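With positions in the sequence shown counted from 1, the corresponding number in our numbering is that position plus 102. Just so it is clear, CB atoms sit at the ideal spot from N, CA and C, and this is done for glycine as well. In this text, all values refer to a predicted model and were calculated from it rather than measured experimentally.
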Amino acid sequence: MPIDREALLRNLLASFQEEAGERLVALDANLPSWQNQAPTAEGIELVFREVHSLKGAAGAVGRSDLERVCHAWEAMLVLLRTGKQAFHPGMATVSLSTLAAIKRGLASEALEPAEVKRLCHMLERLPVTQTLDGKSADKAVLATAEPTPPATIPAPAPAIPQEPVEERAAVWRSQTLRVRAELCDQLAYQSEALLQAKLQAQALQRQLHGQLQCFEQLWQTRGRSVMLGEYLYRQLDQGEPINPERLRQLLDWQEESRRLIDQLHADAGQLRQSSNLLSTEMNSLGEGMSRTVADMLQLSCRSLLDELPALVQDLAEQTGKQATLKLPATQLLVDKRILDALRTPLLHLLRNALDHGIEPPQVRREAGKPDAGQLEVDIYQDSASHFCLLLRDDGGGIDPAKVRRKAEEIGLLKAGSGELEPQQLLNLVFESGLSTSPRLTNLSGRGVGLSIVREELEQLGGSIEVRNLPTAGTEFSIRLPMSRSSFRVVLFRCGEHCFGLPANAVSRTLRVPLDAVKQIENKTVIPMAGRLLPVWSLAEVLELAQPEQTPVMVTLLVIGEETQPLAVQVDTMIGDQEITLKPLGKQLKRVRNILGATVLGDGTLVPILHPQDLYRSTLQSAGLAFVPRSGYAAPVKRRARILVAEDSFTSRGLLRALLETAGYEVQTANDGLDAWNALKQDTFDLLVSDIEMPRMDGFALTSKVRADRELATLPVVLITALHTAEDRARGLEAGANAYLVKGGLEQDTVLAAIKRLV
103 MPIDREALLR
113 NLLASFQEEA
123 GERLVALDAN
133 LPSWQNQAPT
143 AEGIELVFRE
153 VHSLKGAAGA
163 VGRSDLERVC
173 HAWEAMLVLL
183 RTGKQAFHPG
193 MATVSLSTLA
203 AIKRGLASEA
213 LEPAEVKRLC
223 HMLERLPVTQ
233 TLDGKSADKA
243 VLATAEPTPP
253 ATIPAPAPAI
263 PQEPVEERAA
273 VWRSQTLRVR
283 AELCDQLAYQ
293 SEALLQAKLQ
303 AQALQRQLHG
313 QLQCFEQLWQ
323 TRGRSVMLGE
333 YLYRQLDQGE
343 PINPERLRQL
353 LDWQEESRRL
363 IDQLHADAGQ
373 LRQSSNLLST
383 EMNSLGEGMS
393 RTVADMLQLS
403 CRSLLDELPA
413 LVQDLAEQTG
423 KQATLKLPAT
433 QLLVDKRILD
443 ALRTPLLHLL
453 RNALDHGIEP
463 PQVRREAGKP
473 DAGQLEVDIY
483 QDSASHFCLL
493 LRDDGGGIDP
503 AKVRRKAEEI
513 GLLKAGSGEL
523 EPQQLLNLVF
533 ESGLSTSPRL
543 TNLSGRGVGL
553 SIVREELEQL
563 GGSIEVRNLP
573 TAGTEFSIRL
583 PMSRSSFRVV
593 LFRCGEHCFG
603 LPANAVSRTL
613 RVPLDAVKQI
623 ENKTVIPMAG
633 RLLPVWSLAE
643 VLELAQPEQT
653 PVMVTLLVIG
663 EETQPLAVQV
673 DTMIGDQEIT
683 LKPLGKQLKR
693 VRNILGATVL
703 GDGTLVPILH
713 PQDLYRSTLQ
723 SAGLAFVPRS
733 GYAAPVKRRA
743 RILVAEDSFT
753 SRGLLRALLE
763 TAGYEVQTAN
773 DGLDAWNALK
783 QDTFDLLVSD
793 IEMPRMDGFA
803 LTSKVRADRE
813 LATLPVVLIT
823 ALHTAEDRAR
833 GLEAGANAYL
843 VKGGLEQDTV
853 LAAIKRLV
């Protein structure tokens, strides 16, 4: 699905401002020193890298004015970098002037064409200011090179006052979070309480150290007392008179031991009381700080909804349709991270509604509808831990018959596989490759958008359903957790392993006698509420070791939708508790059946199972021929995996959004060396790489790929700002399958090249 250029540009411009700010901070920190002394090779290399990356990022977001200036500046730096031009003070002056102009350009929509031309002319003429005999010709050339007013190239001046790096960086941060003052006060109070708890813990540690010393004192005298006891026992056994002096020594040791034991007992009681108080205080403090931080991350849903009217208007203009949007007057607060992650799925759904749901004005008039389609968003809290977002349109709805024909056409359903409920067919629209649209547009039609929506929502621990409205149109229902980190799970054991499952995904837990589980037509089922629920072993679904002994009682978790639930057998129920969910990390970003992990109080690492994945895996293990409400019918075809190597995170974000929206699975690397390590650790179908990158450039990366036996056939696409014939020839000689020059958002060219290679 081609991306919405305008919407993407708006998002990328914010990223570009942030990246440009970081680049300018680095340039601000290095260029002023050039006025006082010639830069080192390392200093020239650093400035060159920053200017090159800034040029690439500017080109990616269509800022041709800044791209032209950076290109001319880069050309001057290349001569310095390669030793073809000696440094002279005029270069420092012009570089600082160029830096100031770029700052002005970032603060406005664009630099004036005359200023761009002037800056480029200065930078292009500046390298000739050094004569072949090595004598400086700065003043002569600067006076004659540019037929403009004298202020064109300012004379060297005192160093530009520099703000602290932290303050300059803060100016360019694009993401801020407004926090209520009372929350900051609470956090400050809790921090002070945490410091007091730390002092109490240190005092306890000192008391424990004293107890240990007391115990060691007892232990040191124990050996001598044992010898005295053995000596006295021998005298008694042999009927000899008891040695009074030895007996007194033993009694003295026992008296000292009694005193020390009494002291240890008293100290232990005090330690127990103090540790209980500290534990209670730490629990209260921890819960309080967690609530405060969670409250700080809470944002009103209005921050998400207020962006939608302009977006709907843009999408309507692109499709040649009319649409109005109705938003709820809600003050619901949700975790900022959830709202940020919800933006992309919501964009997909709005694009789908405008392109496929709402009809053109002429068609609507013929159906007796107003010319403008009606879109409505509703959002409300569904439970203590979850909220729902509904998106409705009054378009033509989804035809279940068309869905079935398309599903059979792409092999998702077998022809003549039996009658399916309309609702079961509707949920097939979330399968990859299924689209009922007869045309391919700039917005949708490839059949991957809704599949991506479902996958992204499930990664957040949410779900999505679709239904046709009774009157006209479609409703998408999204259910998501209010917080991304903390929620309640059901804990259980399966063999030697401990697992968790989000509590909202478990409708019931059962513990029944073994004879309550029946075998009907070679299927294991259990009667419940007048229906037969299929029963499957979790150990079998997850391919774990099966228990050797048959249990007397069977523990079951009922999961799935109301229309088609199923029961999963586990070994032992542990209980339910609130946990903090931790992601698996970049190396294990997506593991089937695993949502994340948590660590219990005793240090046990517990994987948290992915409810939707587990449901689909269970059905796949069962070999069921019917389609449940969740939309599963057959294993989804694997998406092509692409590795993107790009040091500019603006360009990297652009490529990632472009490729993911087109249906590819994308992983990114910050430079050539990171990309090489990723290629050796994982499997990819194609490599997209920039050329000018630190540590290992694109030419070297391509050469290493072609020289590697396992990677030699991997397709490589180079996307770069280097546009000369020599650069192109060098890239193709290194082994690249395609060489593309950056220039705005030429998505069709990029996607066409990639589609040809994967």
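- Comparing alpha carbon positions, the residue from S376, V708, P430, L444 closest to Y482 is P430.
- According to the DSSP secondary-structure assignment, G602 is paired through a beta bridge with L593, I710.
- In its chain, beyond the 5 residues on either side, I146, E147, F150 have a beta carbon closer than 7 Å to the beta carbon of R183.
- Cβ-Cβ distances below 6 Å link H825 to V843 in the same chain, with the five nearest sequence neighbours on each side left out; the list follows chain order.
- Scanning its chain for C-beta atoms nearer than 6 Å, with the 5 sequence neighbours on each side dropped, one finds around E152 the residues R125, A128, L129, in chain order.
- Beyond the five residues adjoining it in sequence on each side, W638 comes within less than 8 Å, by CB distance, of T626, L668, A669, V670, Q671, T720, S723, A724 in the same chain, given in chain order.
- Leaving aside the five residues that flank L380 on each side, the residues in its chain whose CB is nearer than 8 Å to its CB run, in chain order, A299, Q302, A303, L306.
- The three-state reading of DSSP puts A431 in coil, since its state is none of H, G, I, E or B.
- E567 and S579 have their C-alpha atoms spaced approximately 5 Å apart.
- The three-state secondary structure of E680, taken from DSSP, is strand.
- Here F317 is exposed, its C-beta having fewer than 16 other C-beta atoms within 10 Å.
- Exclusion of the five residues before and after L813 leaves L781, V807 as the residues of its chain whose Cβ lies within less than 7 Å of its Cβ.
- Taking a C-beta distance under 8 Å as the contact criterion, E169 and A177 do not qualify as a contact pair.
- DSSP places Q621 in the uninterrupted beta strand (DSSP E) bounded by 620-622.
- The C-alpha of E389 is placed about 11 Å away from the C-alpha of T382.
- Looking at the DSSP output, W638 sits in a beta bridge with V670.
- Straight-line spacing of the CA atoms in P817 and L156 works out to 28 Å.
- Taking C-alpha positions only, L213 is separated from S199 by approximately 14 Å.
- Excluding its 5 nearest sequence neighbours in each direction, N695 has C-beta neighbours in its own chain below 7 Å: L644, L711, H712, D715, L716, S719, listed in chain order.
- Straight across, the Cα-Cα distance linking E461 with E409 is about 23 Å.
- In the DSSP assignment, R569 forms a beta bridge with E577.
- In the DSSP secondary-structure assignment, D495 is bridged to L477, T576.
- The distance from the Cβ of M391 to that of Q292 is about 5 Å, consistent with a contact at the 8 Å cut-off.
- In the three-state reduction of the DSSP assignment, C403 falls in the coil class, being assigned neither a helical nor a strand state.
- With a beta-carbon spacing of about 24 Å, Q525 and G475 fall beyond the 8 Å limit used to define contacts.
- Between the alpha carbons of W778 and L803 lies a distance of about 7 Å.
- Check the Cα spacing between T394 and each of A283, C600, I821: the tightest is with A283.
- Taking 8 Å as the cut-off, the beta carbon of I681 is found no closer than this to the beta carbon of F594.
- Boundaries of the alpha helix (DSSP H) harbouring I440: 438-454, taken from the DSSP string.
- By the 16-neighbour rule on beta-carbons within 10 angstroms, E762 is buried.
- One alpha carbon belongs to D829, the other to Y766, and they sit about 28 Å apart.
- Contact between the segment 433-452 and the segment 501-509 is absent: fewer than 3 CB-CB pairs across the two stretches fall below 8 Å.
- Per the Cβ contact rule, the segment 784-798 is in contact with the segment 745-765 (3 or more Cβ pairs under 8 Å).
- Counting only the Cα atoms, G705 lies some 25 Å from H311.
- The continuous alpha helix (DSSP H) containing L198 extends over residues 191-209.
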